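As structure tokens, the structure follows; a few thoughts come after it.
Residue numbers (this note's numbering): -12 to 368.
Written out as structure tokens, the structure is:
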């Protein structure tokens, strides 16, 4: 359990993000690096990808300001909130920084803001932490549920006890936390990944999808969007493989796929650790020039493989804002009540009436410097 704080200002963070959004939306980059791994494979012709690092920062900054204004002068001493994620991956470090910064900006005591990431990505670990938080009197928590179906009963019990539950990263349909989801519109993110794959493959080929769960809402929605983007092309999806939130499993699965399916020329890694795992497999197989990778999220290793050209592009979220705005929402629900909080949130929701988008973008080689500068400004890198 990590309990730390940061002290950078929201104004600086927002200004940096908006500046980047204004200047980085239409860049392009070389997709596949022609340097192989000694296999003698003939390098494919350079392929350009259009990168985009725009997010939803303008709207979220307005919402944050509105929530902070509504909380001004109110007693926040009884607010005790937590951010519970699904795995201890580099991806979530940005969410942790955002969450703790949000608490700091609201003046919530350090001891009343808990961040937890299951060390091994196990459901038992996540459930145990929820029990601990409940016993300690938590007033609300945001959660990226490992198993939404299993979480439904726990969430119902907590909501009935007056604990606020906010879905982040992956929606929680069919639960008492279904009314508000803070995160990436996952179908849109998957569609963007599919569009990138279609471009780097030139509209034809065979692709395998590797993912940490085949049942989590964020995964199923991303895969659906990815497949929708490929419709009308000569690209087929050969396999969908569940690596059970294990990077080592993802690597070995990809190695097996490449060994048994020489016609597979595209890999899509859905979870944050999948990109580096697939890149390692492709490098080991000596197929960096012939197999294109499109991934999700921006782990440090993913960005290194973007720089070298092994990964053509990665669809990025804004986990920082899931943490930051998430802290504001949980505090507001405790102090203002759910109805008043939702009234403030409503103007910023997507058309589905429940999604508060934290944004989606695509980082390619030419966008890398600007994106890393953004991470540094937010205290993430």
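Virtual Cβ for every residue (Gly too), placed ideally from N, Cα, C.
Here the structure is a predicted model, which means the values were calculated and not measured.
The beta carbon of residue 99 sits closer than 8 angstroms to those of 66, 67, 68 and 90, all from its chain and outside the five residues before and after it, given in chain order. Taken through DSSP and simplified to helix, strand or coil, residue 70 comes out as strand.
Residue 298 sits in a strand when the DSSP states are folded into three classes. CA-CA distance, residue 203 to residue 274, rounds to 31 angstroms. Per DSSP, residue 186 is one residue of the alpha helix (DSSP H) stretching across 173 to 187. For residue 177, the CB contacts under 7 angstroms within the same chain, skipping 5 residues up- and downstream, are 208, 209, 210, 211, 212 and 213 in chain order. If you look at residue 133, you'll find it isn't in any alpha helix (DSSP H); DSSP assigns it neither H nor E. Secondary structure note for residue 222: its beta strand (DSSP E) is the uninterrupted segment 221 to 229. According to DSSP, residue 151 shares a beta bridge with 127.
Taking the C-beta atoms as reference points, residue 193 is found nearer than 9 angstroms to residue 223. In this structure the region 339 to 357 touches the region 297 to 305; the number of beta carbon pairs closer than 8 angstroms is three or more.
Between residue 129 and residue 317, the beta carbon gap of about 6 angstroms places them in contact (Cβ cut-off 8 angstroms).
Residue 172 counts as buried, since no fewer than 16 other beta carbons sit within 10 angstroms of its beta carbon. Burial is judged here by how many other beta carbons sit within 10 angstroms of a residue's own beta carbon; residue 248 has fewer than 16 and is exposed. Bridge pairing for residue 193: 223 [DSSP].
Among the bridge pairs identified by DSSP, residue 168 is matched with 154 and 342. Partner residues in a beta bridge of residue 62, as assigned by DSSP, do not exist. DSSP places residue 332 outside any beta strand (DSSP E); the residue lies instead in the alpha helix (DSSP H), whose first and last residues are 325 to 332. Sequence-distant Cβ neighbours of residue 142 in its own chain, meaning closer than 6 angstroms and more than five residues away, are 152, 162, 163 and 164. Counting the other Cβ atoms within 10 Å of the Cβ of residue 310 gives 16 or more, which makes it buried.
Between residue 169 and residue 312, the gap from beta carbon to beta carbon is short of 9 angstroms. Between residue 181 and residue 215, the beta carbon gap of about 7 angstroms places them in contact (Cβ cut-off 8 angstroms). Between residue 187 and residue 253, the C-beta gap is smaller than 9 angstroms, which places the two residues in contact. In the three-state DSSP reduction, residue 286 falls in the coil class, being neither helix nor strand.
Counting the other Cβ atoms within 10 Å of the Cβ of residue 320 gives 16 or more, which makes it buried. Counting C-beta pairs closer than 8 angstroms gives fewer than three between the region 278 to 289 and the region 55 to 66, which falls short of the contact rule. With 16 or more other Cβ atoms from the protein chains shown falling within 10 Å of its own Cβ, residue 230 counts as buried.
In the structure shown, the three-state DSSP call for residue 110 is helix. Residue 103 sits in a strand when the DSSP states are folded into three classes. For residue 336, the three-state secondary structure derived from DSSP is coil. Boundaries of the beta strand (DSSP E) around residue 350: 348 to 350. Of the residues assessed, residue 356 falls on the exposed side of the cut-off, its CB having fewer than 16 other CB atoms within 10 angstroms. In the three-state reduction of the DSSP assignment, residue 120 falls in the helix class. No Cβ-Cβ contact shorter than 9 angstroms links residue 184 with residue 258. By the neighbour-count criterion, in which a residue is buried when 16 or more other Cβ atoms sit within 10 angstroms of its Cβ, residue 126 is buried. Taking all protein chains in view, the Cβ of residue 268 is crowded by 16 or more other Cβ atoms within 10 Å, so the residue is classified as buried.
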